[in-house]
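Residue numbers (my numbering), protein chains in the order written: chain W, 12 to 504; chain C, 3 to 153; chain B, 5 to 449.
Here a beta-carbon is modelled for each residue, glycine too, at the ideal position from N, C-alpha and C.
These figures come from a predicted structure and were not determined experimentally.
Below is one structure, written out as C-alpha cells; the observations come after it.
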Amino acid sequence: MATLYIFGIGGTGSRVIRSLTMLLAAGVELQNCNRVVPIIIDPDALNGDKQRTIELLKTYQRLRQQLRPAPEAGQFFHTEIATLASMAATSGQERDPRVKETFEYNFSGMDEPLRDYLHYNSLPVETKHLVDLLFDPKSLNEPLTVGFKGSPNVGSVVLNQLMNSPEIEFFANGFGPDDRVFFISSIFGGTGAAGFPLLLKNLRNPKGNLAKKHLLNTAPMGALTVLPYFDLKSDETSSIDSNTFITKTKAALAYYQRNLPDLNSLYYVGDQAQKQQENREGGNQQRNDAHFVELVGALSVLDFMRQPAAVLQNDHHFYEYGLERDDKEVRFESFDPNQTRPLLGPALTRFQFFTTWLEHHFPATDDAVYAKNINLKNAWQTTPFFRDLRRFLFDYNSPEGQPISFKSWLRELRDNARHFVPFRLDEADFDKIVQGQEVKKGFFNSDTISRSYVRERLDKQLRKVTEAEAPGEFVRAFSEVMEDVVDAKVPGF
Amino acid sequence: MLQSFFTALYQALLGNPDPSSLIPVYRQSIFPGVGLTTFFVALGMALLFYVVLNRVVTTSFFKTQHWAIMLLLTAVLGAIVAWQQAAAAVEAQLAETGEELAVAQVSTLKRYLWGFTATNTLVAVLFFILCSFAVKSLSVSARTTPVRWPN
Amino acid sequence: MASTSKRHLSFWACGLALLLSACDVPGEKRAASKAAATTAATPKTEETTNKTTGLRQLNVFVDISGGMQGFVRANRPGDPGSEFQRTVTALLSDVQGRTTQGTTAGYYFVKENPVVQPTSYAELSQTISRGIENPAAGTEMPDMLREVLKLQTQKPGTVSIIVSDFIYGPKDPTQTWRVRTDVKDALSTANPAELAVSVFANTSEFRGNFYPGNRTKRQTLTGTKLPYYVWVLGPAPLVAQVNQQLMGRLDQQPQVHFNAKYEAPTYGVVTGYQGKGEWYAEPGPQGGKATGVSFTSLSAKEPAQFVVGFDLKHLPLAAQKSFSVSQLRLEPGNTDAKLVKTWAAAGGPPVPAAGRAYTHFTQISVSKLPSTASRQKPQTLRLALAPTAPTWASTYSTSNDSNIAGQGPKTFLLTEVLAGVAESFGGQSATGPVLFDVPVALRRD
C-alpha cells in the first residue's frame, strides 16, 4: 500500500493541501498510491489557514473511515487520508506516544522569542554579533508563534529542530519501498522558503541517522514551490511587506538552483497578482481565501504521482503550469482539453452535482426509495457521518468564520482573482450548473437533467440497501449516479 | 368460490342485504361483480402508481402523500363502482321481476345501498393497500412508498 | 416541473377513463345473458321429448250401430246438424290434418261383424254428416275395446280414439253386475303400464230410436239430449299429447283420465308477489326456476308468506280447475307451512313480471323451520295436486234407462263401465294419482 507523504510547509502548504483534499474528495485520482499522509509544518500554531485545513483533513478522514467497502478509484473520497501517527498500524511499528494523532507537526517552545530560543544571552559575544547581523532586533524579540513573518532566515533556524523530532523518526521508520514524498511551500514567505530545502537535505542525508535510509535516498521526492501570486495591502505596522516578495523569491530561486540536487521533480506555480489580500502577520487572522493558484498547486501533486517511479528516480524534472486560455474568469473551458480539463472537469462536476443534490433536491425527495432505504431523513440529522458530510459539503454547523466546506472553497475561488468560476454556485438546476457547458433542452425536454432523472438512478442504485450499509453505499451510489449523469448529459467532457 | 368470498366479505362488514328479496341479486351479481371490479380498479391504480408512474416513466409522483391521493381516488372509484353497479343491478332485478317495493322497503334499500357504497369504499382502500404491497417491488422509484417494508 | 406535473395529470385521466368505462356494465350484462339462457333452455327440452315418444299412428273408431243413428240424422237444407255431427266431423278433420305432420291416420267403422271395419276419412266423415244408412245391429262394447286394442298394439306409437255411446247392456239382463269385469277384462288385453285412457263426455240431440241398455223396449226420441263419449287410448304421454292437441273442443266437457301421466309443471317461488317476511327465492340445485326459499329470519313473531306459481297450461283444463286449496295438498315436512289460498293468474292480484310464466298461484305461510335447515340440508315441503273426483259420472249414470226421455242425458251403468276401467289399472280410483308432486326446499340463510 503505497503512501504519499506531503509536507505542507507554512500557510501556503496548508492552502494547497486544502485544495488537494477537495480534489480527492471529488474523486480525482491520485495514481500510484492509495493513501496520503499530510504533515503540516507551521510553527504559527494559531494560523487560520492551518487550522482550517486540519479541520478539513480530520473531517475527510472521519468520513473516509466510515466508507465500507472503500470507494473505488474515481469515486468520491477514494483516496485515504491518514495522520502520521495512524501509520503505525500499516507500517508494523509500535505506536509512539510522542507522535500525536494530528496532521500537523507539533512545535514545542514556540511561545518564546527567537532571542530566547537561541539562548542569545548565553551566547559568546562573537556569536551574538553574528546573530545581530543575521536578524533584526524586532525579529529577535517577537515570539515565534506568529511565524517567521516572511523571514526565511528565522525559519531555517527553527526548522532544524524538526529533524531530531520523534515525528521524523517515526516517519522514517515507517517509510515503505513504494512511498513518495512531496513538499509544498511558498518561495516568498518565511517558513516554507527556508524550511523545505532544509528538510529535503536532511531526509536525503546519506550520513544521517534516520532508519530506512536506503529507501529515503531512492524514493521519488517532489516539491511544489509557489511563487508570489498575491499582494498584501501595505501596512506600516506589519512585519510582512509584499514588496519584498519578489526580492526574496529571486534570492531563493538562486539558492534552489544550486542546492536541490536530491529533488526529482520541482514544480513552480505562480501568477501575476490580481488582488490584494488583507495583510495578516499570522495567527488565526491569517486565513486567506482559497486561490486558483493553490488549485493548480494541488495539480502538481497529481502530476508528480502520475509519473512512474523509474522515471523520477535519479533524475531531475522541472515543471511550470500554463493555462490554455488566459481567462480572468477561469472555467473548465479555460483548461487544456487534453490534460487538466478531463482531469478536473468531470470529477468536480460530479461532486458539485452531489452537493447540489443534497442541498437542493434531497429535502424534496427525502421519502424516495434511495433515501428511505437508508433512513436518510433521520440519519441526515443525527448520525455523525452525515453531519460531517454536511460540514464537508456546505458549511453545516461550522463555527462562524471557519468554513471548511467544498462550497465555501468554490465560493472563495470564485471571488478571488484570478477567478475560478467553473460553476454557478447556488444554482439548483443541474442543466445550468457548469459554466459554459449548459445542458441544452432537447425535444420534449428529454435531454435535461431533471430531479426525476437523477432520482430514478439513485433509486435503482440504492434499491436494496439497508441503513447499516448507509455511508459506504450512499457514497458509492452517488458517485456512480453522478458519473452517469455527467457523462451522459453534460456536454464538453 | 369468488361469489362466496365476496359474499362473506361484504356481509361480514354489512350484514344481510335488505330487503331480503334482493339477496340473490346481491350475492350472485352485485357482490362478486363489484368486488371483482373494485379489485381490478385497485390493482389498476396500484399498477398505475407503482409501475406506470414510477417505473415505465419517472415522475415526481412517488411520495407517500401521492400514494395517499391514489388511495383516496381508489376509494372514490370504489364508491362509484359500488353505487352504479348495485343500483343498476337492483333496478334491473326489480324491472325483471316486476316487484314493487313498499315505501319502507325503498328506504331500507337505499340505506343498504349507501352502506354498501361505504363498505366498498373501505374494501377499495383495503384492496389498494394489499395490491400496493403486492406490486411495490415492481417499482423503481416508489418501492418504499408508503413504507419501506418489505422492500 | 410544471410541465412534468401536467404530464402526470394526463396519465391520470387516461387511467381513470379506462377504469370507469370498464366498470359500469358487467352486472347488468350478466343478468341479461342469464335470463336469455334460461328462457332458451326450456322449449328445447320439450321438443326433444316430443321426438322420442313420437305419435306415429292415430286410429279413429266411430260406432255406427243402430243406437248411434239418432245422433247422425240426415239433415234438411239449413239444418245446423247435431252437436255430435259437428263435433265428430271436426275431430276427424283435425285427425286428417295431422297426417301432413308425420302421423298416419286409420279410420274405422265399429260394426257388428267384423267389429271394426277399415274405411277412409272421406267415407267416415260422409257417413257422419249424411247419416248412417245401413246401421249395424249393435256391438258388445268389450269386444269393441278388444279389437281397438289389438290394432293399437300392432304398431307402437299408436293412439286410438273411439266415438260411441258406450251403452253396454249384456244380452242376459241378470249379468249386468259383470259389466265392470267385462270392461276390465277387455282392457287387460293391453299392458296397463303402457295404457292410459281418457274419457270425454258430451251430449247431443238425439232423433230416432233409442235402445235402452237394460234391453227394455226401444224408445223414439225427438231431440232429447243424450250422452256420447270420446275415448282416447294409448301410451300415457301420447294420450296427453292427443288430448292437448285434438281434444280442445271437448275441453270444457266432463272428462276423466285414467293412468294419465303429466310432466311436472314448471313452478317456482315468485319474488315480490304477495309475500311477507324476510326471505328470498333460490334456484334449485340445477339452477333454473326458484324452487327454494331461504329465510334470513323466521319465527312466530316474524312469520313469512311466499307464493309458488305453477304453469299448468299442459294439464287438462279439468285438472287446472282442480287447482284449489282443497285439492292442492301441502306436505309440510318438519315445518308448520300452511296453504293460505290459491288463485289463477286471471282471477287474483295483478301478477308481476316474475310470475308471468305461471298460470296458477298458491300462497304459503310458514313461521317455524328447524334450525338445522341449512343450505346443505334443506327442509323439503311438497306440493301435490290431486285431480277432482269426476262427480259427473254418477249424474250421467243410470241403472235403468228404460225411460230415457224422462231421465235426461244418462248412460246405462256408466259408473260400472268406468269402475272397470279403473280396475284394469289396479283398482286405481278415478281420482287417480296426483297430477303433480313437486318439492319446495326451505332453508335458513
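| Asked | Found |
| --- | --- |
| 8 angstroms Cβ cutoff, Val438/B in contact with chain C | no |
| Beta carbon proximity, Pro30/B to chain C, threshold 8 angstroms | In this prediction, Pro30/B scores a pLDDT of 35, lower than 50, which makes its location untrustworthy; the coordinate-derived value is nonetheless stated afterwards. Closer than 8 angstroms: yes. |
| His302/W in three-state terms, based on DSSP | coil |
| Cβ of Glu151/B within 8 angstroms of any chain C Cβ | no |
| Exposure label - Phe346/W; buried when at least 16 CB within 10 Å | buried |
| Chain C contact for Gly351/B (CB, 8 angstroms cutoff) | no |
| Exposure of Ile68/B, with buried meaning 16 or more beta-carbon neighbours within 10 Å | buried |
| Reference Gln331/B; option with closest CA among Thr392/B, Gly217/B and Glu87/B | Thr392/B |
| Burial state of Ser276/W, where buried means 16 or more other Cβ atoms lie within 10 Å | buried |
| Touch test, the region 228–239 of chain W against the region 277–286 of chain W, Cβ-Cβ under 8 angstroms, three pairs minimum | yes |
| Same chain, Cβ closer than 6 angstroms to Tyr215/B, neighbours up to 5 away in sequence not counted | Gly71 and Arg222 |
| Interface flag, Lys10/B vs chain C, CB-CB below 8 angstroms | Here Lys10/B scores only 40 on pLDDT, less than 50, and its place in the model should not be relied on; the value that follows carries that caveat. So no, Lys10/B is outside the interface. |
| Chain C contacts made by the region 365–381 of chain W, where a contact means CB separation under 7 angstroms | Asp378, Ala379 and Val380 |
| Beta-bridge partners of Pro122/B, as assigned by DSSP | Tyr112/B |
| Ser276/W - DSSP class collapsed to helix/strand/coil | strand |
| Same chain only: Cβ atoms within 7 angstroms of Glu178/W, ignoring 5 sequence neighbours per side | Leu95, Val110 and Tyr116 |
| Identity of the residues DSSP links to Arg462/W by a beta bridge | BP columns for Arg462/W are empty, so no partner. |
| Chain-order list of residues whose beta-carbon lies under 6 angstroms from that of Lys188/B (same chain, five-residue window excluded) | Gly424, Glu427 and Ser428 |
| Limits of the unbroken beta strand (DSSP E) element including Ile50/W | Arg46 to Ile52 |
| Beta-carbon gap between Arg447/B and Arg379/B smaller than 8 angstroms | yes |
| When Lys345/B, Pro382/B and Lys159/B are compared against Glu108/B, the one with the closest alpha-carbon | The identity of residue 108/B in the sequence shown is Thr, whereas the question assumes Glu. Checking every option, the nearest Cα to that of Thr108/B belongs to Lys159/B. |
| Residues that Ser23/C contacts on chain B, provided the C-beta gap is smaller than 8 angstroms | Thr275, Gly276, Gly279, Trp283, Tyr284 and Ala285 |
| Residues from the region 470–485 of chain W in contact with chain C, defined by Cβ distance under 9 angstroms | Asp470, Lys471, Arg474, Lys475 and Thr477 |
| Neighbourhood of Gln411/B by C-beta, 8 angstroms cutoff - its chain only, sequence neighbours within 5 removed | Thr402 and Asp405 |
| Neighbour flag for Glu491/W against chain C, beta carbons, 8 angstroms | no |
| Chain C within 8 angstroms of Tyr279/W, Cβ atoms only | no |
| Interface residues of chain B facing Asn18/C [CB-CB closer than 9 angstroms] | Glu282, Thr300, Ser301 and Asp449 |
| Whole-angstrom distance between Val137/C and Thr40/C, CA atom to CA atom | 16 angstroms |
| Strand pairing of His328/W, partner residues [DSSP] | Ser276/W |
| Inter-stretch contact (C-beta, 8 angstroms, three-pair minimum) for the region 338–353 of chain W and the region 466–480 of chain W | no |
| Residues sharing a beta bridge with Asp315/B, DSSP | Thr270/B |
| 8 angstroms Cβ cutoff, Thr146/C in contact with chain W | yes |
| Start-end ranges of the beta strand (DSSP E) lying completely within the region 175–227 of chain B, minimum 3 residues | 200–214 |
| Nearest-angstrom beta carbon gap, Ser176/W and Ile20/W [assumed within contact, 8 angstroms] | About 15 angstroms separates the two Cβ atoms, so there is no contact after all. |
| Beta carbon proximity, Ser457/W to chain C, threshold 8 angstroms | no |
| Closer than 9 angstroms at the beta carbon, the chain C residues around Ala358/B | Glu98, Thr99, Gly100 and Glu101 |
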